[in-house]
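Chemist:
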Ligand SMILES: [Zn+2]
Ligand SMILES: [Zn+2]
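Residue numbers (UniProt numbering): 1 to 215.
Below you can see the structure in the form of structure tokens.
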């Protein structure tokens with residue numbers, strides 16, 4: 001499995017292009033801007049995109065979805081709870097005040113344990129609510145890779161003060177669903193806020209000050 005990263009949009013979201021080296025089938029995770037570099041990279045690498053995925057429904061992570069769907073004609077997958085929550089105009093009005101258009105509707109409503117297959121690779125959905133109701137991580141067990149969205153950052157955790165957020169729920173998700181994975185598991189977060197772009201669960205257990213109280 002190969003992973004390419006692009007930092008996109010004014011919120012500097014980490015957009016990942018993840019693909020199978022043998023078949024070149026792949027997925028796009030968190031396209032946070034209508035950034036032509038995403039399409040250029042896909043073309044350069046010769047990737048056949050199967051699906052566009054969101055780690056959660058905050059618009060800084062999914063605002064590029066419609067643009068990519070139009071160009072690639074592939075479905076968009078988001079956890080069912082975030083699709084429901086952010087399609088609600090009242091819940092979304094806060095993000096409208098940040099200048100975002102309404103969210104793209106999910107074609108695939110994801111849930112716990114769903115598997116997304118691309119070529120000889122697959123990633124599994126782990127529901128980690130708290131940053132938002134339908135925040136999820138994508139886990140590749142074979143290579144021990146975890147895309148953590150805005151739930152767990154390198155040396156940090158997500159904010160929980162946005163509509164639908166719940167700090168205690170987020171910390172509980174991290175404790176029960178993330179820190180229980182093997183310590184060698186690499187984490188690829190939704191923003192590059194730490195001192196390095198990638199970390200491991202073991203390193204975060206040692207270095208992440210926000211995790212002290214749940215270890
Ligand atoms: Zn977020
Ligand atoms: Zn974010």
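Glycine residues also receive a C-beta, built at the ideal position from the N, C-alpha and C atoms.
#1: So is residue 94 buried or exposed if we call it buried at 16+ other beta carbons inside 10 Å?
#2: Who are the near neighbours of residue 1 in its chain, counting only those whose CB is closer than 8 Å to its CB and skipping five residues on each side?
#3: Taking a contact to mean a Cβ-Cβ separation below 7 Å, would you say residue 103 touches residue 59 in this structure?
#4: What's the C-alpha gap between residue 214 and residue 71?
#5: With a threshold of 8 Å on Cβ separation, who are the neighbours of residue 195 within its own chain once the five nearest residues in sequence on each side are excluded?
#6: With a cut-off of 8 Å on the beta carbons, I'd call residue 201 and residue 174 a contact; round off their distance for me.
#7: Ligand 2 heavy atoms versus the CB of residue 219: any closer than 6 Å?
#8: What's the gap between the Cα of residue 157 and the Cα of residue 191?
#9: According to DSSP, which residues form a beta bridge with residue 56?
#10: Could you give the DSSP three-state label for residue 186: helix, strand or coil?
#11: Can you determine whether any heavy atom of ligand 4 sits closer than 6 Å to the C-beta of residue 161, and answer yes or no?
#12: Quick check on residue 128: buried or exposed, where buried means 16 or more other Cβ atoms within 10 Å of its Cβ?
#13: Sort 50, 96, 56 and 6 by Cα distance to residue 23 and report the nearest one.
#14: For residue 32 and residue 188, I'd like the C-alpha separation in whole angstroms.
Modeler: Taking the coordinates as given:
#1: For the purposes of this step, residue 94 is taken as residue 94 along the chain shown, with counting starting at 1. By the neighbour-count criterion, in which a residue is buried when 16 or more other Cβ atoms sit within 10 angstroms of its Cβ, residue 94 is exposed.
#2: Reading the chain shown from its first residue, position 1 is the one you call residue 1. Contacts found: 18, 19, 20, 21, 121, 140, 142, 143 and 145.
#3: The residue you call residue 103 lines up with position 103 of the chain shown. The residue you call residue 59 lines up with position 59 of the chain shown. Taking 7 Å as the cut-off, the beta carbon of residue 103 is found closer than this to the beta carbon of residue 59.
#4: Here residue 214 corresponds to residue number 214 of the chain shown, with the count starting at 1. Here residue 71 corresponds to residue number 71 of the chain shown, with the count starting at 1. Taken atom to atom, the span from the alpha-carbon of residue 214 to that of residue 71 is near 43 Å.
#5: On the chain shown, position 195 is the one that residue 195 refers to. Beyond the five residues adjoining it in sequence on each side, residue 195 comes within less than 8 Å, by CB distance, of 154 and 155 in the same chain, given in chain order.
#6: Taking the chain shown and counting its residues from 1, the one referred to as residue 201 is at position 201. Taking the chain shown and counting its residues from 1, the one referred to as residue 174 is at position 174. With a Cβ gap of about 10 Å, residue 201 and residue 174 do not count as contacting.
#7: This structure does not reach residue 219, given that the chain is present from 1 up to 215, and the question cannot be answered.
#8: The sequence position of residue 157 within the chain shown is 157, counting from 1. The sequence position of residue 191 within the chain shown is 191, counting from 1. A straight line joining the alpha-carbon of residue 157 with that of residue 191 spans about 10 Å.
#9: Position 56 of the chain shown, counted from the start, is the residue given in the question as residue 56. Bridge partners of residue 56: none, in fact.
#10: The sequence position of residue 186 within the chain shown is 186, counting from 1. The three-state reading of DSSP puts residue 186 in strand, counting E and B together.
#11: No copy of ligand 4 appears in this structure; the ligands present are ligand 1 and ligand 2.
#12: As a first step, residue 128 must be located in the chain shown, where it is residue number 128. Counting Cβ neighbours within 10 Å, residue 128 comes out buried, since at least 16 surround it.
#13: Indexing the chain shown from 1 puts residue 23 at position 23. Nearest option by C-alpha distance: 50.
#14: The residue labelled residue 32 in the question sits at position 32 within the chain shown. The residue labelled residue 188 in the question sits at position 188 within the chain shown. One C-alpha to the other measures close to 15 Å.
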